[in-house]
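Top to bottom, those sequences are chains G and C.
Following the working numbering, the residues of the first sequence are numbered contiguously, the last one being 528.
Following the working numbering, the residues of the second sequence are numbered contiguously, the last one being 631.
Even glycine gets a Cβ: it sits at the ideal position worked out from N, Cα and C.
All remarks here apply to the structure that follows.
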Amino acid sequence: MNGMGFRQSNAWLHTWVGLLLGWLLYAVFLTGTLSFFQDEISYWMKPELHAATPGPQSAQLALQQLQKHAPDAQLWQIDLPDERDPELQIQWFAPGEHIGKRGGERLTLDAASGEPLQVRETRGGGFLYRFHFELYAMPRQAARWIVGIATFVMLVAIVSGVVTHKKIFKDFFTFRPAKGQRSWLDAHNATAVLALPFHFMITYSGLLLLMFMLMPWGVQSQYQGNMQAFFGELRSRGEPVAEVAAEPAALTPLAPLLEQANARWERGVASIRITRPNTTAAQVELREQGGDSLLQRGGAERLVFDGVSGAALAQPAEASPPAASAVYNVFSSLHLIRFAGPPLRWLFFVSGLLGTAMIATGLVLWVVKRLPQRLKAGRTPFGHRLVEVLNVGTIAGLPCAIAAYFLANRLLPAQLPGRLDWEINAFFLVWALCLLHPLLRTARQAWLEQLALGAALFVSLPLLGLLTAHSGLFSSLGRGDWLLVGMDLTLLATAAVLAFAGCKLARHQPLVRAARPRPAPRQKEVAL
Amino acid sequence: MSDLSSPTPWLSVLARRRMDVAARCLLAVLGGYVLTALCTASLARLLPGEPAQAVLAATQLSFLIYCVLVIWAFSAGSALRAWLVAVLCCLPSLAHLLWVEVL
């Protein structure tokens, strides 16, 4: 920029680019961070599942239900309970039906007795996951473009933010608490630097996951825009299994096959897929619980058996991917984190929260930085007020909305028609109110009230659980259901953080004595 | 630097500064995307290896190219210089694409 050095122009870029999309990025980061625990959240949101403890006989029970409901289906699928998702689910496709992600018939079973369960309708953690890259009630493509642009802006903000900080290492060890603007800047720097590799990785990999939509010009030039030809070559998928003549035949017992698989795989079996069950052409495919190779996109290993004799069938070995594919696989599997066990998952979760805090402190810093200017002028420019209102309504409002979503899940009657939509309506209703509320209050009041509301909502969730038969903290502790325990403790911790922020703010003396002479800012400091 | 202080009878300093920022924004948003698209299309054909791998590598690189262009748009000495250098850097890509497509 004219009259600015390289670092100053980057600081300018960082400030304005960050402000422009900060609120959207905050929402994407927060809901995306929660999506690391998407399955766990979904499980928490289905209290009907909490009573059953899965045993070793789950596969057999599921098979009995499939024999009962769909003896002549073309495909059976059994999703076994695992450590992240203790749900036992069966799915089948009628003969001639197209086999895809959607479609087919599904049933959720009680993992202990094998009886079908009536689970309340909910989108669970899937809603937050979808929201973080497709928003809601928008054309999917348009929403993905908006999030994609915001993600690119985030990449620019990260790179320009790094350039701005000459003393990036020193800044990390600098925290000056209770110093107003300084503290906000230090908090922004610390949260940014602490998890910088994570921030860069999650932003860049987010872009890669949307790259053929955002930047289709490479495919356009090499393949004349024929995406199918490109993906076909890239993945070189095998041909679908040809139709074979099949006579009725009894299915091989599953127990010995599961034994073989469990001996081979430390994490156990995730799912069982049986094609053309009860015929001579039957095949049983077992899939490993979460793979751990980043180069293969965390892909799981598979074992295939003859469905009548139970003999193991040879599998083509997976070749290691070429360099560009390997880079893509590593980044995308780090983003989707399907492979990770609890410690790594929690590390990602905390890093994601740090990223969310980085965006939030950056937004607050923009306002705090301009307070002296406002006091001097004796009036609040419209733009400053707008940022202030959006800050409260997003930074404090979105957690309130998420709590409302969880609360609606517990409070809405299980049989309510359109229940699934009402949970989501509760989310947006509360968020909309939180965005309107700061218009009627001073910024300080609005912050205090929304932080208090958030804390109250979050603490009410585990308390409500105590009233239920199987979903309360003590009951899940007694059963050793660590997913539920973890979720309840996280909700309590969230309430504590919001309450702590509220208390800090309540004790904070607002900046009114502007008349007191302040030391002139040092020349070396970069204007943010 | 000197642009801001020199007397400009037909445009105020503020207006000149706004024009400058607007020109840089235009480069960062639209120009940057078009230039990146050109580089990506060209690299997708230039990079070694199988075609699909070259496309994948070029597309993955594209966001880094775009990011550098955006930062350059705002750190160059003047908007004019920012545009000129950016276009010059992408000319080889354009030439390559023209050579492949037309000739």
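Between residue i and residue j, is the Cβ-Cβ spacing less than 8 Å?
i	j	result
Ser-325 (chain G)	Leu-209 (chain G)	no
Gly-218 (chain G)	Val-583 (chain C)	yes
Thr-52 (chain G)	Ala-11 (chain G)	It is Ala, not Thr, that sits at residue 52 (chain G) in the sequence shown. Not a contact, by the Cβ cut-off of 8 Å.
Val-159 (chain G)	Glu-48 (chain G)	no
Ser-471 (chain G)	Leu-463 (chain G)	no
Ala-282 (chain G)	Val-308 (chain G)	yes
Pro-54 (chain G)	Leu-88 (chain G)	yes
Ala-408 (chain G)	Leu-451 (chain G)	no
Phe-349 (chain G)	Thr-15 (chain G)	no
Pro-216 (chain G)	Gly-577 (chain C)	no
Leu-354 (chain G)	Leu-194 (chain G)	yes
Gln-226 (chain G)	Ala-249 (chain G)	Residue 226 (chain G) is actually Asn in this sequence, not Gln. No, the pair does not count as a contact, with Cβ atoms beyond the cut-off.
Gly-103 (chain G)	Gly-362 (chain G)	no
Ala-246 (chain G)	Thr-275 (chain G)	no
Leu-80 (chain G)	Val-367 (chain G)	no
His-50 (chain G)	Asp-481 (chain G)	yes
Ala-357 (chain G)	Thr-203 (chain G)	no
Leu-498 (chain G)	Ala-455 (chain G)	yes
Thr-122 (chain G)	Glu-449 (chain G)	no
Can you tell me whether residue i is buried or exposed, with buried defined as 16 or more other CB within 10 angstroms of its CB?
i	result
Ala-569 (chain C)	buried
Val-630 (chain C)	exposed
Val-392 (chain G)	buried
Gly-238 (chain G)	With a pLDDT of 40 at Gly-238 (chain G), under the threshold of 50, the predicted position of this residue should be treated as unreliable, though the coordinate-derived value follows. Result: exposed.
Glu-259 (chain G)	exposed
Met-211 (chain G)	buried
Asp-421 (chain G)	exposed
His-188 (chain G)	buried
Thr-468 (chain G)	exposed
Gly-388 (chain G)	Checking the sequence, you will find Glu at residue 388 (chain G) rather than Gly. Answer is buried; the Cβ neighbour count reaches 16.
So, with DSSP's three-state summary, where would you put residue i?
i	result
Asp-79 (chain G)	strand
Arg-176 (chain G)	coil
Trp-92 (chain G)	strand
Ala-312 (chain G)	strand
Val-241 (chain G)	Any reading at Val-241 (chain G) must be qualified, since the residue scores a pLDDT of 47, below 50, and its modelled position is unreliable; the value itself is stated next. DSSP places Val-241 (chain G) in coil when its eight states are reduced to three.
Thr-275 (chain G)	strand
Arg-302 (chain G)	strand
Thr-108 (chain G)	strand
Glu-629 (chain C)	helix
Pro-530 (chain G)	Beyond the ends of chain G as shown, which are 1 and 528, falls residue 530 (chain G); an answer cannot be given.
Leu-286 (chain G)	strand
Val-497 (chain G)	helix
Pro-462 (chain G)	helix
Pro-322 (chain G)	coil
Ala-270 (chain G)	strand
Pro-576 (chain C)	coil
Pro-529 (chain G)	The structure shown does not extend to residue 529 (chain G), since chain G spans only 1 to 528, so no value can be given for it.
Pro-116 (chain G)	strand
Ser-533 (chain C)	Confidence is the limiting factor: at Ser-533 (chain C) the pLDDT is only 48, short of 50, which leaves the residue's position unreliable, though a coordinate-based value still follows. Helix.
Pro-248 (chain G)	strand
Ser-183 (chain G)	helix
Lys-504 (chain G)	helix
Pro-620 (chain C)	helix
Leu-412 (chain G)	coil
Gly-478 (chain G)	helix
Using CA atoms only, rank isn't needed, just tell me which of the options is closest to residue i.
i	options	result
Lys-46 (chain G)	G:Leu-117, G:Thr-380 and G:Arg-374	G:Leu-117
Asp-85 (chain G)	G:Glu-40, G:Leu-63, G:Phe-6 and G:Ala-94	G:Glu-40
Ser-320 (chain G)	G:Leu-185, G:Ala-314, G:Val-330 and G:Pro-248	G:Val-330
Gly-232 (chain G)	C:Gln-581, C:Val-549 and C:Ile-599	C:Gln-581
Gln-289 (chain G)	G:Lys-504, G:Thr-280, G:Leu-477 and G:Asn-262	G:Asn-262
Asp-548 (chain C)	C:Ile-599, C:Leu-575 and C:Leu-608	C:Leu-608
Tyr-598 (chain C)	C:Arg-545, C:Val-541 and C:Gly-560	This sequence places Val at residue 598 (chain C); Tyr is not what is there. It is C:Gly-560.
Val-156 (chain G)	C:Trp-627, C:Leu-589, C:Ala-550 and C:Cys-595	C:Cys-595
Distance check for residue j and residue i, CA to CA, integer angstroms please.
i	j	result
Gly-77 (chain G)	Leu-20 (chain G)	Before going further, note that residue 77 (chain G) is Gln rather than Gly in the sequence given. Approximately 46 Å between the Cα atoms of the pair.
Leu-135 (chain G)	Ala-556 (chain C)	26 Å
Leu-254 (chain G)	His-69 (chain G)	18 Å
Ala-404 (chain G)	Arg-419 (chain G)	14 Å
Val-613 (chain C)	Gln-8 (chain G)	20 Å
Leu-441 (chain G)	His-132 (chain G)	The sequence as given places Arg at residue 441 (chain G); Leu does not occur at that position. In a straight line, the C-alpha of Arg-441 (chain G) is about 29 Å away from that of His-132 (chain G).
Ala-534 (chain G)	Ala-73 (chain G)	Since the first residue shown for chain G is 1 and the last is 528, residue 534 (chain G) is missing from the structure and cannot be characterised.
Gly-465 (chain G)	Leu-473 (chain G)	7 Å
Leu-375 (chain G)	Ala-432 (chain G)	30 Å
Asn-425 (chain G)	Arg-176 (chain G)	42 Å
Thr-564 (chain C)	Ala-572 (chain C)	12 Å
Could you check if residue i belongs to the surroundings of the ligand NAD, using beta carbon to heavy atom distance under 7 Å?
i	result
Val-596 (chain C)	Only the bare structure without any ligand can be found here, which leaves the ligand NAD out of the picture.
According to a CB-to-CB cut-off of less than 9 Å, which residues of the segment 591 to 622 of chain C neighbour chain B? Here the protein chains are G and C, and chain B is not one of them.
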